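Accompanying notes for the structure given below.
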Amino acid sequence: MTHSDSADAPPPIPDEINFPDVTLPAPSIFDEEVLVEVEESHEPGLGTAFSIGREGMWLTARHVVDSCSDLAVQVGPSRIVQVQRYEIDEDSDLALLYTRGGPEPTVLDLEGELRIGQFGYHIGYPQGRAGEVTSRLLARSTLRSYGRYQTSEPVLAWAESGRTGDLVGSLGGMSGGPLFNEEGSVVGVTIAESPRRGRIYTTAPVSMQNFLNAEADYQLDGDQTRRLHPDNYGGEGDRLRRDLTVVKVLCRARN
Numbered sequence: 034m035t036h037s038d039s040a041d042a043p044p045p046i047p048d049e050i051n052f053p054d055v056t057l058p059a060p061s062i063f064d065e066e067v068l069v070e071v072e073e074s075h076e077p078g079l080g081t082a083f084s085i086g087r088e089g090m091w092l093t094a095r096h097v098v099d100s101c102s103d104l105a106v107q108v109g110p111s112r113i114v115q116v117q118r119y120e121i122d123e124d125s126d127l128a129l130l131y132t133r134g135g136p137e138p139t140v141l142d143l144e145g146e147l148r149i150g151q152f153g154y155h156i157g158y159p160q161g162r163a164g165e166v167t168s169r170l171l172a173r174s175t176l177r178s179y180g181r182y183q184t185s186e187p188v189l190a191w192a193e194s195g196r197t198g199d200l201v202g203s204l205g206g207m208s209g210g211p212l213f214n215e216e217g218s219v220v221g222v223t224i225a226e227s228p229r230r231g232r233i234y235t236t237a238p239v240s241m242q243n244f245l246n247a248e249a250d251y252q253l254d255g256d257q258t259r260r261l262h263p264d265n266y267g268g269e270g271d272r273l274r275r276d277l278t279v280v281k282v283l284c285r286a287r288n
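With our numbering applied, the sequence shown covers 34 to 288.
And the structure:
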């Protein structure tokens, strides 16, 4: 996961903090700007992807797969499935992967209301290991990437509020993973962190909608959701990985 500083994450937000019960405001020229470096690298890398189509279509983060010449998803302890091809979004940190067939897909909710303080559930492979994080929605931001490529995109800023198991330190490896709302629908893709501030950044729903409208080859056919809350998100994360709805992405060589 890309990040703008490197300190360990702060303690969770105290439960007694009250968020205003208001709808997330529309994008504004006064939204905070976040600067993120996408490092030049020819080294192998890893991230997270999730199924959005049974015919074999997955979403992930662009910086996970950009310039990758040998790309696969891991579907077992010693089993991988080669990615046949992928498409990147020139305007945001998103990419589509295509394989021969796919598992049960997630359900996307890209038009629903977003509210300040609502819970989000990030599921994936932080540091290459299974893990989950909870967060609360704070605000809109603008994320500017530089380095291997340059983009400027609207994102959502979330305050980290908890983790499962013994997950400490960086969330690197969770990039490309789904962000679920409490209803169990995907509302974003995890793309960056600011550990010192305890912030996690996800793609804006409008970026996902525009990218999928332009590039998706298959139908988005997810039709099953399960509610998430702070007491069950760890188990639900395990289920989604076990069902291969959420997988590890392996970039084994870059151009």
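Even for Gly, the Cβ is constructed at its ideal location relative to N, Cα and C.
The model shown is predicted, which means the values in this text are computed figures rather than measured ones.
Asked, Found
"Which residues DSSP lists as bridging threonine 197, in chain order", "DSSP, once it has assigned bridges, lists no residue as partnering threonine 197."
"Classification of phenylalanine 244 by the beta-carbon crowding that lies within 10 angstroms, buried from 16 upward", "buried"
"7 angstroms Cβ shell around histidine 96 - same chain, five flanking residues per side excluded", "Thr35, Val71, Asp126 and Ser208"
"Paired residues, beta bridge with methionine 156 - DSSP", "According to the sequence shown, residue 156 is isoleucine rather than methionine. Glu165."
"Touching by the beta-carbon criterion (3+ pairs, under 8 angstroms), the region 185-192 and the region 159-173", "yes"
"Cα-Cα separation between glutamate 144 and tyrosine 179, rounded to whole angstroms", "29 angstroms"
"Rounded separation between valine 201 and serine 194 - CA only", "13 angstroms"
"Assumed close pair phenylalanine 52, glycine 153 - CB separation to whole angstroms, cut-off 8 angstroms", "Between glycine 153 and phenylalanine 52 the Cβ distance is about 12 angstroms, and since that is not below 8 angstroms, they are no contact."
"Extent of the continuous alpha helix (DSSP H) run through leucine 245", "238-248"
"Span of the alpha helix (DSSP H) around aspartate 271", "266-275"
"Arginine 232, DSSP secondary structure in three states", "strand"
"4 or more residues per run - each alpha helix (DSSP H) lying fully within the region 87-144", "95-98"
"Beta-carbon spacing of threonine 223, glycine 267 below 8 angstroms", "no"
"Residues bridged to alanine 286 (per DSSP)", "Asp103"
"Cutoff 7 angstroms; reference glutamate 269; Cβ partners in own chain excluding five residues on either side", "Arg259 and Leu261"
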